[in-house]
Amino acid sequence: MVSRVIPVDPFDLVIFGGTGDLARRKILPGLYHRFCAGQMPATARIIGAARTEQDAAAYRGQVAEAIAEFLPEGSWDAESVAQFCERLDYVAIDARGEGGWKELAGLVREGVVRAFYLSVAPSLFGDIAERLHAHGVADGESRIVVEKPFGRDLASARALNAVLAAHFDESQIYRIDHYLGKETVQNLMAVRFGNILFEPLWNAQYIDHIQITVSETVAVGGRGAYYDKSGAMRDMVQNHLMQLLCLIAMEPPSKFEPDAVRDEKLKVIRALEPVPPSAIVRGQYRGDANGPSYREDAENPESRTESFIAMRVQIANWRWSGTPIYLRTGKRLRARESEIAVVFKDPPHSIFGEQEGRRGNVLVIRLQPDEGMHLRVTIKEPGPGGMRLMEVPLDMSFADALGPDEADVPDAYERLIMDVIRGNQTLFMRGDEVEAAWAWTDPIIEGWEERRDVPELYDPGSSGPEGALALMHRDGRRWREIK
Ligand SMILES: NC(=O)C1=CN([C@@H]2O[C@H](COP(=O)(O)OP(=O)(O)OC[C@H]3O[C@@H](n4cnc5c(N)ncnc54)[C@H](OP(=O)(O)O)[C@@H]3O)[C@@H](O)[C@H]2O)C=CC1
Ligand SMILES: O=C1O[C@H](COP(=O)(O)O)[C@@H](O)[C@H](O)[C@H]1O
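Okay, so the sequence shown: first residue is 1 according to full-length UniProt numbering, each after it adds one.
Below is the structure:
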């Protein structure tokens, strides 16, 4: 099967923070990938901007090095990297100063899509937004892309929204949540709303519960200073897991259009019930022979920040009343695995009696690794042994079903940047969505702070603290195994 690559319109993409970690690791290698795929028109240009004084040639050298460092060997070649780098320019700009803006204004062109990617600390958003307008670099058609974290609570998110809104219309603002760019996450919508099969069963009458797991093997080492002020709740749940929850639980939008989709997601967030402390388990990893403990990584011997969280969430609406959604995410766990498991109820009556081998239907949407879906169904065990039941998976791995080329899906960042150029905001968070997510998150975190809640320790390489298993056990359910 051959991928259809539709070139986007000519563009000038300015990356503020174009020398930083995110730009080097994700944004620029991703753009190179799109260039190789033929999606970038011949006249498209990328302009790096940061304080470091250097010329365009030095920047091109840096970007070529980043591509070689961060893309797997065999997925790039020197000739195409050199061709890609011809598209690059660089301007030295301090977001808080006045130098360099005139030069930037001279570089960006009329008549092409102008996009400004703010891959810098959020404290610089206001300075950059203001100067883009003051120096005539941006106009009413330009697009601005902002990164997470979008605030650390409702008040700071509101302040960031206000800073951006002072200079840009909401239709120009693209708030990135890279989970929305993952192929299987979008497939979730295709499966739910492109098939008649699942939607009639997609409610509390037929679904016992849903599990959303984002399990990581990495520690927080190297990012300890940031992470210790954030924790799993702010770093992962408020944004990525929340987005997954919205897509799995939302009502069918009337169209696959930005506001139609985002309106439905917003309704889910607003319907989330407050979560009592008894429905939350927080954990911190211990140290072992393979690495330091969380507190050592965070360089904070007294830290009460969670590197793991599990929680039971309820949505107060007709579709989901009585169906809990369990969220779980953490660092230094047994495996890197992200999946959504929709666990269906048993049939109302078993004509086979209580047979061994009969288990409920489960639809697993696997985000990473090995993107795909599988549905666990009950069948008759083959052979003459009478009517004995067994469980089998109906598997669809993208790699098997679509062939290796199709399964080599674009990285989330590549896809999202191309959507910015296309002017499609469907996979970006709207300001009110982000605020609603913080409004739900804030009281939970405030409760921990008031109670001086201390996370439970867990072994690295495990599936998290014992308390997380107990949370499920008390509800008569089990987590799916992290393998
Ligand atoms: N790294 C990652 O994986 C992720 C990062 N993010 C977010 O993306 C943003 C960037 O992160 P990251 O790349 O890791 O950060 P880095 O610290 O690696 O890079 C920061 C960049 O901003 C530039 N910069 C700093 N101050 C100024 C200034 N006053 N004016 C102009 N440019 C400036 C730096 O260059 P110079 O010093 O030359 O000015 C550098 O290019 C942050 O908000 C982060 O939270 C979000 C998700 C993942
Ligand atoms: O935003 C973040 O995401 C990563 C996990 O992303 P993935 O695409 O590798 O699943 C997480 O490690 C990081 O702490 C967080 O800031």
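Positions of the beta carbon are idealized from the N, C-alpha and C atoms, including for glycine.
Classify residue i as buried or exposed, calling it buried when 16 or more other Cβ atoms lie within 10 Å of its own Cβ.
i	result
Gly330	buried
Asn195	exposed
Pro274	exposed
Phe16	buried
Ser142	buried
Pro122	buried
Arg87	buried
Gln368	exposed
Ala64	buried
His349	exposed
Leu247	buried
His473	exposed
Arg312	buried
Which of the three DSSP states is assigned to residue i in this structure?
i	result
Lys345	coil
Phe352	coil
Leu71	coil
Lys380	strand
Phe125	helix
Gln243	helix
residue 522	With the chain running from 1 to 483 in the structure shown, residue 522 is simply not present.
Ala407	Confidence in Ala407 is poor, its pLDDT being 46 and thus under 50, which makes the residue's placement too unreliable to answer from.
Ile421	helix
Glu432	Before going on, a small fix: residue 432 reads as Asp here, not Glu. In this structure, Asp432 counts as helix in the three-state DSSP scheme.
Glu302	coil
Ile315	strand
Glu147	coil
Arg328	strand
Glu337	strand
Phe256	coil
Pro393	strand
Ile365	strand
Leu471	helix
Met236	helix
Glu296	helix
Ser80	helix
Met373	strand
Glu456	strand
Would the beta-carbon of residue i fall within 8 Å of that of residue j?
i	j	result
Leu457	Gly283	yes
Ala341	Arg480	yes
Ala204	Thr43	no
Ala249	Ile173	no
Ser338	Ser215	yes
residue 484	Arg328	Within the shown structure, residues of the chain are numbered from 1 to 483, placing residue 484 beyond reach of any answer.
Asp208	Phe116	no
Ile210	Ile325	yes
Ala78	Arg114	no
If you drop the 5 nearest sequence neighbours on each side, which residues of the same chain put their C-beta closer than 6 Å to that of residue i?
i	result
Phe84	Tyr32 and Phe35
Leu375	Leu363 and Leu394
Ala298	Gly224 and Asp228
Pro41	Pro7 and Pro10
Ala271	Ile315, Ala316 and Asn317
Glu251	Glu264
Sorted by chain position, which residues of the same chain lie with C-beta nearer than 8 Å to residue i's C-beta, five sequence neighbours on each side aside?
i	result
Gln243	Asp177, Tyr179, Leu180, Val185, Lys265 and Met429
Pro292	Ala219 and Gly221
Phe125	Leu118, Val146, Leu160, Val163 and Leu164
Lys380	Met387, Arg388, Leu389 and Met390
Could you say which of the options lies nearest to residue i if we only look at CA atoms?
i	options	result
Gly20	Val377, Gly38, Gly61 and Ser119	Ser119
Ile67	Leu124, Lys26, Arg87 and Phe11	Lys26
Asp442	Lys380, Ala468, Ser278 and Arg234	Arg234
residue 500	Val108, Val191, Arg270 and Asp419	Nothing in the structure corresponds to residue 500, since the chain is present only between 1 and 483.
Ser75	Ala50, Ala468, Pro29 and Gly111	Pro29
Trp440	Asp370, Arg328 and Ile269	Ile269
Gln54	Glu371, Lys182, Ala92 and Glu450	Ala92
Arg192	Ala399, Met373 and Arg422	Met373
Gly61	Val392, Arg51 and Tyr90	Tyr90
Ile128	Ser321, Pro258, Arg51 and Pro384	Arg51
Ala399	Arg295, Glu183 and Asp419	Glu183
Trp202	Glu257, Ser230, Ser321 and Arg477	Ser321
Val237	Ile212, Phe198 and Glu257	Ile212
Gln425	Arg131, Lys380, Gly99 and Ile144	Ile144
Arg319	Ile280, Ala82, His133 and Glu199	Glu199
Using C-beta distances below 7 Å, list every residue in its chain close to residue i, excluding the 5 sequence neighbours before and after it, in chain order.
i	result
Ala157	Phe150, Gly151, Val434, Glu435 and Trp438
Ala260	Pro253 and Ser254
Pro460	Tyr285, Arg286, Asp288, Asn290, Gly291 and Arg332
Ala335	Ser215, Thr217, Ile482 and Lys483
Asp432	Leu266
Ile46	Leu13, Ile15, Leu31, Arg87 and Leu88
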